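Participant:
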Amino acid sequence: MLNRQSSIWRGVASGFCLAVALLFLLASGAAPPKRPGFTDVAPHSKFNYISSNSTGGHKYFPQPMCGGVAIFDFDNDGKMDIFLTNGAQLPDMKKTNPSYYNCLLKQKNDGTFEDVTAKAGLRGESLDFNFGVAVGDYDNDGYEE
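For what it's worth, this note's numbering labels the leading residue of the sequence shown as 105, then goes sequentially.
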């Protein structure tokens with residue numbers, strides 16, 4: 105019985121301390137801390153990317169593993185950019201049309217993204233089905249490639 109009573113009193117004391125701390129916070133006029141928020145900038149960006157893995161009547165093993173994503177600063181401007189790899193026509197696993205090309209999105213100063221894939225030479229039209237992407241500074245020149 106004594107342990108139960110002491111547990112109850114500890115709970116009452118903790119609640120009292122919390123209430124007093126809250127009153128001091130409110131009395132000081134301090135604003136409660138802001139919670140992080142997100143803004144959807146996709147409608148303002150100038151790109152249209154859709155991952156494509158050659159859907160059709162026949163199901164192939166690679167279909168659910170289409171593409172990869174890398175978020176990195178490809179041009180060292182201090183803003184994170186996005187690179188998306190893409191699938192290919194199945195069963196031959198070739199990028200037979202632009203719907204299978206990769207996509208490099210450069211983040212602009214206003215937080216929107218611009219498609220710079222062709223300018224960077226990364227469409228990948230001569231590649232096969234892409235399953236993923238890895239980024240690193242392999243030649244130690246300060247650029248993640």
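Every residue gets a Cβ at the ideal spot worked out from N, C-alpha and C, and that includes glycine. Computed from a prediction, not measured in an experiment: that's the story for all the values here.
1) Provide the residue span of the alpha helix (DSSP H) that contains Ala224, from first to last.
2) Can you tell me the Cβ-Cβ gap for Phe217 and Ile186, rounded? I've got them flagged as a contact below 8 Å.
3) Reducing DSSP to helix, strand and coil, say where Leu208 ends up.
4) Considering only residues of the same chain and omitting the five flanking positions on each side of Val239, which have a CB-CB separation below 6 Å?
5) Could you give the C-beta distance for Ser149 and Gly171, rounded to a whole number, given that I count them as a contact under 8 Å?
6) With a Cβ-Cβ cutoff of 8 Å, do Phe235 and Met184 count as a contact?
7) In angstroms, rounded to a whole number, what distance separates the CA positions of His57 and Leu194?
Facilitator: With the structure as the only source:
1) Element bounds for Ala224: Thr221 to Ala224.
2) Contact between Phe217 and Ile186 holds, since their C-beta atoms are separated by about 7 Å, short of 8 Å.
3) strand
4) Closer than 6 Å at the Cβ level, and outside the excluded window around Val239, lie Ala174, Phe176 and Glu248.
5) The pair is not a contact, with the Cβ atoms about 19 Å apart (cut-off 8 Å).
6) no
7) Residue 57 lies beyond the stretch modelled for the chain, which goes from 105 to 249, so this question has no answer here.
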